[in-house]
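Accompanying notes for the structure given below.
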Amino acid sequence: MAIILDNENKVFTLQTDHSMYQMKADRYGVLLHTWFGKKGTPFDHSYLITYADRGFSGNPYDAENERTYSLDALPQEYSSFGSGDYRASSLKVRYPDGASSCELRYVKHELCQGKYSIPGLPAIYHTSENKAETLIVTLEDTRKHFYVHLYYGVMEDLDIITRSVRIENHSGQPIWLDNILSLCIDFLHGTYDMHTFYGRHTMERNHQRTAVHHGIQSIGSTRGMSSHHYNPFLILSDANTTETSGDCYGFSFLYSGDFIASAEFDTYNQTRILMGIHPDNFHYCLEPGAVFCSPEAAMAYSENGLEQLSHIFHKAYRNNLCRGKYKNTRRPVLLNSWEGVYFDFTGEKLLNMAKDAADMGIELFVMDDGWFGKRDNDVSGLGDWIVNEKKLGCTLGELSDRIHELGLQFGIWFEPECVSEDSELYRTHPDWALKIPGKSPTRSRYQLVLDFSREEVRTYIFNQMCQVLDSARVEYLKWDFNRSISDVYSADLPPERQGEVLHRFVLGLYDMLEKLSERYPDLLIEGCCGGGGRFDAGMLYYTPQIWTSDNTDAIERLTIQYGTSFGYPVSSMGAHVSQCPNEQTGRCTPINTRAIVAMSGSFGYELDVNHMSAEEKETVRRQISLFKAYYDLIQYGEYYRLTDPQKTKDYHCWQFTSPDKGEALLCAVALQIRPNGPGCWTKLRGLIPDAIYLVNGTEYPGDALMHAGIPLPKAKEEYESFQIHITKK
Ligand code: GLA
19 MAIILDNENK
29 VFTLQTDHSM
39 YQMKADRYGV
49 LLHTWFGKKG
59 TPFDHSYLIT
69 YADRGFSGNP
79 YDAENERTYS
89 LDALPQEYSS
99 FGSGDYRASS
109 LKVRYPDGAS
119 SCELRYVKHE
129 LCQGKYSIPG
139 LPAIYHTSEN
149 KAETLIVTLE
159 DTRKHFYVHL
169 YYGVMEDLDI
179 ITRSVRIENH
189 SGQPIWLDNI
199 LSLCIDFLHG
209 TYDMHTFYGR
219 HTMERNHQRT
229 AVHHGIQSIG
239 STRGMSSHHY
249 NPFLILSDAN
259 TTETSGDCYG
269 FSFLYSGDFI
279 ASAEFDTYNQ
289 TRILMGIHPD
299 NFHYCLEPGA
309 VFCSPEAAMA
319 YSENGLEQLS
329 HIFHKAYRNN
339 LCRGKYKNTR
349 RPVLLNSWEG
359 VYFDFTGEKL
369 LNMAKDAADM
379 GIELFVMDDG
389 WFGKRDNDVS
399 GLGDWIVNEK
409 KLGCTLGELS
419 DRIHELGLQF
429 GIWFEPECVS
439 EDSELYRTHP
449 DWALKIPGKS
459 PTRSRYQLVL
469 DFSREEVRTY
479 IFNQMCQVLD
489 SARVEYLKWD
499 FNRSISDVYS
509 ADLPPERQGE
519 VLHRFVLGLY
529 DMLEKLSERY
539 PDLLIEGCCG
549 GGGRFDAGML
559 YYTPQIWTSD
569 NTDAIERLTI
579 QYGTSFGYPV
589 SSMGAHVSQC
599 PNEQTGRCTP
609 INTRAIVAMS
619 GSFGYELDVN
629 HMSAEEKETV
639 RRQISLFKAY
649 YDLIQYGEYY
659 RLTDPQKTKD
669 YHCWQFTSPD
679 KGEALLCAVA
689 LQIRPNGPGC
699 WTKLRGLIPD
709 AIYLVNGTEY
719 PGDALMHAGI
729 PLPKAKEEYE
739 SFQIHITKK
């Protein structure tokens, strides 16, 4: 039983295999948060709450003159603006009379078998009904205008608890949602570190760990996408938590648009975590009888450090968030045309590349940007999804057939949400782009954004895409989005609804992706947003892999993939071997290092293979057969961050271990060569201590490999790398 209800005392305990979460509706009907952490007795943990007369922290009217009862100091399960709790709140509603203060009180609760889903939004699912339960706790505002239904999905074996909030307006008048976050958690005591993942285009998801201090520390995006800049994933840990020890809590937002995630350390040393849609550009009008559902937030707890926390998210996202054929089928090794030829290609050029690719064992050829409309550079053409047969020298069907004749699958790039001003689409429908009346829009990469909140716009683009996809055999689609959104205004919505545009845009995106997956169930869709600008759990529901970054430098990728691994599985990270010197950094790295790094993701190549030497081609052949041999270990095994590439000087190391611990793969990249330098060792993890393992034909006990480690081979050149395969005897 995952959910334990004490109906008399209104204590609701949610249990997974290793974590516990609890809330209680108290004597005034206020829903208090009483526990999140290690699994224990489902005993009423409200004994932990202390009551004190806090000056300048008022008392709700129902508490009469009980000066020690203030919402400002009590742990709230879902805090509301204007309730006398002056910390950052999760809900702010404007009433028809202009008031924005609201208080919430418990009404009822309901237990359902299975995991809830959210219409039109991504959500973790669970196929086994008896391993997942849903609790719905209903609150009502004291002015009796609306219900707040708090949804909790408890998936015992995944060690994941999810949250979503559904607001129902039963007042007979419209109300305005100015803020409706998905998650609010109060920790009564403790000093914590906050881990966030910041970045920029070509350097996404750098891990940052800082002490939570008095005040509010927040990250977020107001770019209309989750962004390169901050990822919608947050970890709160004890100050002394390491990879392998200590308490930590992970919070992941399954949403691809504006978000906010914050930690507030209040002046009584309590910590509040909030996560949800960023309120800056969100104002939603809820008509009488209408409902609004917030996107889902997923939470996990680990008492054994960050590594275990990541493993929880990896497993859940791989198996219970990603969908479709490629969730469990081996993904093809691909060659993408972008860094090899950019816009400069003909059909013949692509076929020549495909020939060499097939000869080396590559399985999928992807034609990136430049195949449609007037598109020989990035100034024009977006929106005109009509094959440029003149450039290709044939139809798409013919090109695809010839690529298939070589034994390859065929893939194609789209950027459905954008439009160039120099395009037939824009000339015909200028109002289909997001633009503010009377203001010239901000351009980015010369392009504008289509109003995906409008169904007719989506239908038009969808039909265009289908025409292309139906005209050829296409097994893969790269869905790109190459700018942040600005000029948020829809020509289709009245003034009072303009605050809904960005959310409706995201719902429109999800609607398109859902329709595409329904119509082409075998299509492998890779998400992309100028690299990793929309690398989030929302997208993973529709696209099982995402292009991690436009930065393909193997050494830079160590940091990017390391940071990404905290919240996302290896199988979700698109990673390619590109040419040297690297296009972004000018750095040269050995081809094996580029492959070892790219293999620790969804593997592919992105360079002009026609320019490779015979020796390099032979190397690629070997790399692909190695990748195939290690596929299950890498993609379905457990991933261990052995070092931090932002701190380590000599070797950066990581490891994969099969679920049964019978096999492991140690990967090491030498970051610098030190002549006559000290030796380097690394300690393995996740092995069976008393089992015997074989490393290069020599036997070692598991505990020695983990506690004493193994010496790393001496690197002879800068950035040399090693893959060491370890098997149980
Ligand atoms: C973005 C993507 C690249 C490539 C180009 C094409 O930058 O991240 O991989 O597809 O667009 O214009």
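Quick note on my numbering: the sequence shown kicks off at 19 and runs consecutively.
Glycine residues also receive a C-beta, built at the ideal position from the N, C-alpha and C atoms.
Exposure label - residue i; buried when at least 16 CB within 10 Å
i: HIS329; result: buried
i: THR611; result: buried
i: ASP498; result: buried
i: TRP699; result: exposed
i: PHE428; result: buried
i: GLY456; result: exposed
i: ARG105; result: buried
i: ASP204; result: buried
i: CYS606; result: exposed
i: MET557; result: buried
i: SER146; result: exposed
i: ARG575; result: buried
i: GLU694; result: Correcting the residue identity first, residue 694 is Asn in this sequence and not Glu. Burial call: exposed.
i: PHE523; result: buried
i: GLY619; result: buried
i: HIS629; result: exposed
i: PHE141; result: The question names Phe, but residue 141 is Ala in the sequence shown. Counting Cβ neighbours within 10 Å, ALA141 comes out buried, since at least 16 surround it.
i: GLU14; result: In this structure the chain extends from 19 to 747, so residue 14 is not present and cannot be described.
i: MET617; result: buried
i: ARG336; result: buried
i: LEU66; result: exposed
Backbone secondary structure at residue i - three-state DSSP
i: HIS301; result: coil
i: CYS130; result: strand
i: ALA281; result: strand
i: TRP356; result: helix
i: TRP450; result: helix
i: ILE404; result: coil
i: TYR649; result: helix
i: VAL524; result: helix
i: VAL519; result: helix
i: MET557; result: helix
i: ALA632; result: helix
i: ARG463; result: coil
i: ILE21; result: strand
i: ILE178; result: strand
i: ARG659; result: strand
i: SER438; result: strand
i: ASN148; result: helix
i: GLY545; result: strand
i: VAL125; result: strand
i: ILE642; result: helix
i: TYR538; result: coil
i: TYR669; result: strand
i: ARG184; result: strand
Best match in the options for proximity to residue i [C-alpha to C-alpha]
i: PRO434; options: HIS422, GLU407, PHE428, VAL467; result: VAL467
i: CYS120; options: LYS679, TYR335, HIS163; result: HIS163
i: PRO114; options: TRP565, PHE383, ASN187, ILE710; result: ASN187
i: LEU584; options: GLY76, GLN326, TYR69; result: For clarity, residue 584 is Phe in the given sequence; the question names Leu instead. Comparing Cα-Cα distances from PHE584 to each of GLY76, GLN326, TYR69, the minimum goes to GLN326.
i: ARG227; options: THR259, MET378, HIS213; result: HIS213
i: PRO719; options: ASP35, ARG703, LEU730; result: ARG703
i: TRP53; options: PRO93, ASP35, LYS635; result: PRO93
i: ASP419; options: LEU292, ARG461, ALA372; result: ALA372
i: TYR134; options: ARG181, GLU158, THR220; result: ARG181
i: SER320; options: ILE178, THR347, HIS422, ARG476; result: ILE178
CB contact check: residue i to chain C, cutoff 8 Å
i: PRO693; result: The displayed structure is made up of one protein chain only, and chain C is not part of it.
| request: Please go through the segment 311 to 345 and give each complete alpha helix (DSSP H) segment of 4 or more residues, from N-terminal end onward. | output: 323 to 338
Which whole runs of the beta strand (DSSP E) in the segment 48 to 108 are 3 residues long or more, in chain order?
49 to 56
- Along the chain, which unbroken stretches of the alpha helix (DSSP H) at least 4 residues long are found entirely within the segment 683 to 734? 720 to 725
Fill in: Start-end ranges of the beta strand (DSSP E) lying completely within the segment 213 to 262, minimum 3 residues
221 to 229, 233 to 239, 251 to 256
Where are the beta strand (DSSP E) runs, 3 residues long or more, that stay fully inside the segment 587 to 624, in chain order? 591 to 596, 620 to 624
- Taking the runs of the beta strand (DSSP E) that are 3 residues or longer, which of them lie wholly in the segment 467 to 510? 494 to 497
Original post:
Which runs of the alpha helix (DSSP H) spanning at least 4 residues fall entirely within the segment 357 to 403, listed in chain order?
Top reply: 365 to 378
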